[in-house]
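Beneath this line is the structure, given in structure tokens, with notes to follow.
Numbering (my numbering), first residue to last: 2 to 215.
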């Protein structure tokens with residue numbers, strides 16, 4: 002997860018408001034572990050000669066620690082909002098690195114700011130409404146049960162518009178949860194799917210019992 006955070010800070014192309022089960026794989030992450038170890042080593046090496054670098058690296062990990070699930074489980078494995086404070090440490094290291102070449106600093110920082118401004122503008126389009134937000138999240142995090150579930154809720158209209166698409170997303174959410182122990186199931190996912198099955202049965206002219214049974 003920390004590796005994914007660092008990559009988002011370097012290349013924030015794909016953003017999502019949710020990273021629920023089963024978007025983050027349990028296994029793997031060896032490259033990220035190596036990067037974290039290298040960062041810790043850099044902080045130690047810079048302690049005397051470049052105290053600012055040491056401070057900013059330590060600040061990043063200290064600010065991220067309460068939401069890292071390493072000591073305390075907080076109920077959310079990953080969320081971009083958890084990066085708000087740690088990003089200050091990352092930005093400090095970035096500025097230090099850029100100003101090692103003072104002549105290039107203004108152009109480099111200007112380019113970074115322009116790129117981030119463009120990304121921010123494009124990201125705002127995703128937040129126009131619930132449907133656009135969860136459609137974007139489902140595209141970036143297709144294996145998250147929650148992005149599929151909320152997209153299903155956002156798709157269905159008050160009179161059953163787009164109910165077929167909504168049911169498809171609800172079914173994908175249930176498929177992601179399938180196989181978990183009973184005590185790990187998410188009741189909300191089944192409640193939403195059941196409501197949509199009933200709605201589909203009510204909408205059909207013949208009152209198709211198949212949907213009620215489902």
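All C-beta atoms in this analysis are idealised placements derived from N, C-alpha and C, irrespective of residue type, glycine included.
Please read these numbers as outputs of a predicted model, since none were measured by experiment.
Which first and last residues belong to the alpha helix (DSSP H) in which residue i is found?
| i | result |
| --- | --- |
| residue 53 | 52 to 65 |
| residue 11 | 3 to 11 |
| residue 31 | 31 to 46 |
| residue 107 | 106 to 127 |
| residue 93 | 87 to 99 |
| residue 211 | 210 to 214 |
Please classify residue i as buried or exposed, where buried requires at least 16 other C-beta atoms within 10 Å of its C-beta.
| i | result |
| --- | --- |
| residue 170 | buried |
| residue 225 | Absent from the structure is residue 225, since the part of the chain shown begins at 2 and ends at 215. |
| residue 211 | exposed |
| residue 105 | exposed |
| residue 91 | buried |
| residue 94 | buried |
| residue 19 | buried |
| residue 54 | buried |
| residue 32 | exposed |
| residue 121 | exposed |
| residue 146 | buried |
| residue 48 | exposed |
| residue 214 | exposed |
| residue 135 | buried |
| residue 21 | buried |
| residue 17 | buried |
| residue 6 | buried |
| residue 45 | exposed |
| residue 1 | With the chain covering only 2 through 215, there is no way to say anything about residue 1. |
| residue 138 | buried |
Who are the Cβ neighbours of residue i in its own chain at under 6 Å, not counting the five residues just before and after it?
| i | result |
| --- | --- |
| residue 40 | 58 |
| residue 172 | none |
| residue 199 | none |
| residue 86 | 64 |
Can you find the residues in the same chain that come closer than 8 Å, C-beta to C-beta, to residue i, ignoring five residues on each side of it along the sequence?
| i | result |
| --- | --- |
| residue 126 | 133 |
| residue 168 | 153, 194, 197, 198 and 201 |
Between which residues of its own chain and residue i is the CB-CB distance below 7 Å, once the five residues before and five after are set aside?
| i | result |
| --- | --- |
| residue 154 | 193 |
| residue 164 | 157, 197, 200, 201 and 204 |
| residue 161 | 200 and 204 |
| residue 88 | 10 |
| residue 110 | 99 |
| residue 2 | 25, 78 and 79 |
| residue 37 | 3 |
| residue 178 | 146, 186, 187 and 190 |
Entirely within the region 142 to 192 and at least 3 residues each: give me those beta strand (DSSP E) ranges in chain order.
none
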